[in-house]
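Position one of the sequence shown corresponds to residue 1 (the UniProt record's numbering), numbered consecutively onward.
Just so you know, even glycine gets a beta-carbon here, dropped at the ideal spot from N, CA and C.
Report on one structure; see the data block that follows.
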Amino acid sequence: MATATVAATAPLSNGFLLRRGPNEGAKSARSLQRTKNQRQSASSRRFGAAVITAKFDLKPPPYPLNALEPHMSANTLSFHWGKHHRAYVDNLNKQIVGTELEAKSLEDIVIQTYNDGDLLPPFNNAAQIWNHDFFWESMKPGGGGKPSGELLKLIERDFGSFEKLCEELRAAAATQFGSGWAWLAFNPRPSDGKELLVVKSPNAVNPLVLGYIPLLTIDVWEHAYYLDYQNRRPDYISIFMEKLVSWDAVSAKLEVAKAQAA
Ligand SMILES: [Fe+2]
Numbered sequence: 001m002a003t004a005t006v007a008a009t010a011p012l013s014n015g016f017l018l019r020r021g022p023n024e025g026a027k028s029a030r031s032l033q034r035t036k037n038q039r040q041s042a043s044s045r046r047f048g049a050a051v052i053t054a055k056f057d058l059k060p061p062p063y064p065l066n067a068l069e070p071h072m073s074a075n076t077l078s079f080h081w082g083k084h085h086r087a088y089v090d091n092l093n094k095q096i097v098g099t100e101l102e103a104k105s106l107e108d109i110v111i112q113t114y115n116d117g118d119l120l121p122p123f124n125n126a127a128q129i130w131n132h133d134f135f136w137e138s139m140k141p142g143g144g145g146k147p148s149g150e151l152l153k154l155i156e157r158d159f160g161s162f163e164k165l166c167e168e169l170r171a172a173a174a175t176q177f178g179s180g181w182a183w184l185a186f187n188p189r190p191s192d193g194k195e196l197l198v199v200k201s202p203n204a205v206n207p208l209v210l211g212y213i214p215l216l217t218i219d220v221w222e223h224a225y226y227l228d229y230q231n232r233r234p235d236y237i238s239i240f241m242e243k244l245v246s247w248d249a250v251s252a253k254l255e256v257a258k259a260q261a262a
């Protein structure tokens, strides 16, 4: 079950608890995730006399910006996606110009620049692009409800019940101190047979760098909810779980994760 599957923890310089176990390692995540496509547009824009290569594009959410209303407003999406997410893309594109990272996929940049917890400068922007792309996909208009099929079966096996998973996810999202993320992730090589776990991470860190495959995320940075819920993070988390989460998307990602792990 969730955090209980972790054999030991080691605090890192950035305050994140790296869960060390027999299945740790960025290399495994890299090999498991390598097949996923990342946007590498190679489009160019001209600023004055200089040509800047825009390697990564700002990917829009898979629904209109007002599609999650009234639970997440178009105003929130226009700032969160249109300003914050856009800034991560713009900043990473500037940071990687002329470096070896220009030739790499977004996932490879995330894993390489995590550098065993000693974060290199492009890490935060690269990981935040990846995390936000993933977050938009974790929601849908008319979301909520309950998963079914293989996903529900695994949840009941690894957490005891769907309600218990929801409890753990809510607790992880509510107790992440400051900015960060709560995740449901797939462990491709569990030591105890339980493949699903809940992880919380600070700032831009995500489960990829720990060797896990993310299935679902909740953004708990204040910019995700402050315009709609001000400081009431628990209300935002409840709405996410009851009205926004896309269990269809989680099921699809589980299928891909299991295929990658096979
Ligand atoms: Fe965010």
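query = Residues bridged to Trp-136 by DSSP?
reply = Looking at the DSSP assignment, Trp-136 forms no beta bridge with any residue, so it has no partner.
ask   = From Pro-60 to Ser-78, what distance separates their C-alpha atoms?
value = 11 Å
ask   = Hey, quick one: how far does the alpha helix (DSSP H) through Gly-87 stretch, first residue to last?
value = What sits at residue 87 in the sequence shown is Ala, not Gly. That run of the alpha helix (DSSP H) goes 86-96.
task = Can you grab the Cα-Cα spacing for the pair His-80 / Ala-224, in whole Å?
result = 6 Å
inquiry  = Between which two residues does the beta strand (DSSP E) holding Leu-216 run?
reply    = 213-219
task = May I ask you to report which of helix, strand or coil DSSP gives Phe-186?
result = strand
inquiry  = For Leu-101, report the span of its beta strand (DSSP E) as first-last.
reply    = Where Leu-101 is concerned, there is no enclosing beta strand (DSSP E), given that its DSSP letter is neither H nor E.
query = For Asp-248 versus Lys-140, is the C-beta distance shorter than 9 Å?
reply = yes
request  = Using only the heavy atoms of ligand 1, determine whether one of them is closer than 8 Å to the beta carbon of Trp-221.
outcome  = yes
ask   = What is the rounded straight-line gap between the Cα of Ser-28 and the Cα of Leu-120?
value = For Ser-28, the predicted model reports a pLDDT of 30, less than 50, meaning its position is unreliable; a value from the coordinates is still stated below. Taking the straight line joining both Cα atoms gives about 20 Å.
query = Cα-Cα, which of Leu-65, Leu-154, Asp-90 and Gln-128 is closest to Glu-255?
reply = Leu-154
key: Candidates Ser-201, Asp-192, Pro-147 and Pro-188: closest to Ala-172 by CA position   = Ser-201
request  = Quickly, what does DSSP pair Leu-197 with across the bridge? List them, please.
outcome  = Ala-185
key: Per-residue DSSP class, three states only, for Pro-60   = coil
key: Exposure label - Thr-99; buried when at least 16 CB within 10 Å   = exposed
key: CB-CB length for Leu-197 against Val-110, believed under 8 Å   = So it is not a contact: roughly 19 Å between Cβ atoms.
query = Does the Cβ of Lys-55 have 16 or more other Cβ atoms within 10 Å, making it buried, or fewer, making it exposed?
reply = buried
request  = Examine ligand 1 and report whether any of its heavy atoms sits within less than 8 Å of the Cβ of Phe-177.
outcome  = no
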